Amino acid sequence: MLKRLRHRSPGDIAFAVFLALSCGLILFVTLYPVYFVMIASVSDPTLVATGRVSFWPRGWSWFGYEQIFADSRIWTGYRNTLLYTVAGTALNLLVTLPAAYALSRREFAPRKVLMLFFAFTMFFSGGLIPTYLLYRDLNLLDNWAVFVLPSAVNVFNLIIARAFFENSLPEEIFEAATIDGANYFQFFAKIAIPLSMAIISVIGLYYLVQHWNDFFTGLVFVRTYDRQPLQIVLRDILISNQAFAGGAGGAGGTGGSYAQQYADQIKYGVIVVSTLPIIVLYPFLQRYFEKGVMIGSVKG
């Protein structure tokens, strides 16, 4: 470290220090709200409300998590969300990757016309009412398939995957495979897919987060409570506790203040419960994610 600094000019060292401090500041501003929510969810709500919890948990209290996990609806929501996320992400990859590969092949004549149709859907949609009527005619209302089928392809992810196949798979590999007797399907399954783990991880994570955070579909298109995803269940738990806090506050005295503080702790716990699985999964995909994003963004 000292040897490398000796070969640098004072201007380079000052710039490196400025860059490190700027990155550290941005990292702190980005991560601190998430960290505060996590420590606030396990701290005494009175200490949190009075501003005495800043960097470390104080007055350990698991009240929020006890209330959240005591509600049987939370397990139903977790089950449904896991089902929708796994099935939806698997379908997304099964549809997006072959479509992106076909659109990346220059000998596929209608690929430009098809890309125009795909791109059109990025900017224009039918609107909520026509979409609702279409789902009703397709018997997708109050059906678990509404979480999976309508979002089978995301055009943004399709473009990223197509750019990856175009720029990262040399034509010489395809020619060599063709000489050895491989057809398009064999080349895609046995060569293109094993060489594309980076982009598969990227768009897989995109789709996974999209399904995990899907709130609107359950709110508008599903009525049966046993089929609602985790996000809707957590919203209902949050609303019921906020209503309790409001009712206690209306009765006067300090009861409302304490109820509001405990409702806030449940709110912090709800945020952690809804985001923790994705946060835990991300480090395992990070190395593929960084590589795939850079490669897929070279050319659209």
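Count along the sequence shown starting at 1, add 1156, and that's the number in my numbering. Quick reminder that beta carbons are idealized off the backbone N, C-alpha and C, glycines included. Note that the coordinates shown come from a computational prediction; the quantities given were computed from them, not determined experimentally.
A distance below 7 Å separates the beta carbons of ALA1243 and VAL1304. Between ILE1230 and VAL1389 the beta-carbon gap is near 6 Å, inside 8 Å, which marks them as a contact. Taking 8 Å as the upper bound for CB-CB distance, PRO1201 and GLN1421 are in contact here, some 4 Å apart. Ranked by Cα distance from TYR1191, the first of VAL1428, PRO1439, ARG1379, ILE1434 is VAL1428. For HIS1163, the three-state secondary structure derived from DSSP is coil. HIS1163 counts as exposed, since fewer than 16 other C-beta atoms from the protein chains shown sit within 10 angstroms of its C-beta.
When only Cα atoms are considered, ARG1214 and LEU1203 end up about 7 Å apart. Counting only the Cα atoms, ARG1318 lies some 43 Å from PHE1225. ILE1349 carries a coil assignment under DSSP once its states are collapsed to helix, strand and coil. Short of 6 Å from the beta carbon of PHE1344, and not among the five residues preceding or following it, lie these beta carbons of its own chain, in chain order: TYR1257. The C-beta distance from ILE1347 to ILE1335 rounds to 13 Å, too long to fall under 8 Å, and the pair is not in contact. Separation of TYR1418 and GLY1220 (C-alpha to C-alpha, rounded to the nearest whole angstrom) is 7 Å. A direct Cα-to-Cα measurement between ARG1292 and PRO1306 gives close to 13 Å.
Taking the CA atoms as reference points, SER1165 sits about 38 Å from ASN1323.
Considering only PHE1279, THR1380, LEU1259, PHE1280, the residue with the shortest C-alpha distance to LEU1270 is LEU1259.
Excluding its 5 nearest sequence neighbours in each direction, GLY1360 has C-beta neighbours in its own chain below 7 Å: THR1245, LEU1249, listed in chain order. PRO1439 and THR1380 have their C-alpha atoms some 35 Å from each other. With a cutoff of 7 Å on beta-carbon distance, TRP1300 and ARG1383 are scored as near each other. Taking C-beta atoms as the reference points, VAL1311 and MET1278 count as a pair closer than 7 Å.
Annotated as proximal: VAL1365 and ILE1434, with beta-carbon spacing under 7 Å. In this model, ILE1316 and ALA1354 are separated by some 12 Å (Cα to Cα). For GLY1233, the enclosing alpha helix (DSSP H) stretches over residues 1229-1260. The distance from the Cβ of LEU1297 to that of PHE1377 is about 6 Å, consistent with a contact at the 8 Å cut-off. In the DSSP assignment, GLN1384 falls outside any alpha helix (DSSP H), carrying neither H nor E. For VAL1302 against THR1206, the beta-carbon gap comes to about 45 Å, at or over 8 Å, which does not count as contact.
Buried is the label assigned to TYR1363, since at least 16 other Cβ atoms lie within 10 Å of its Cβ.
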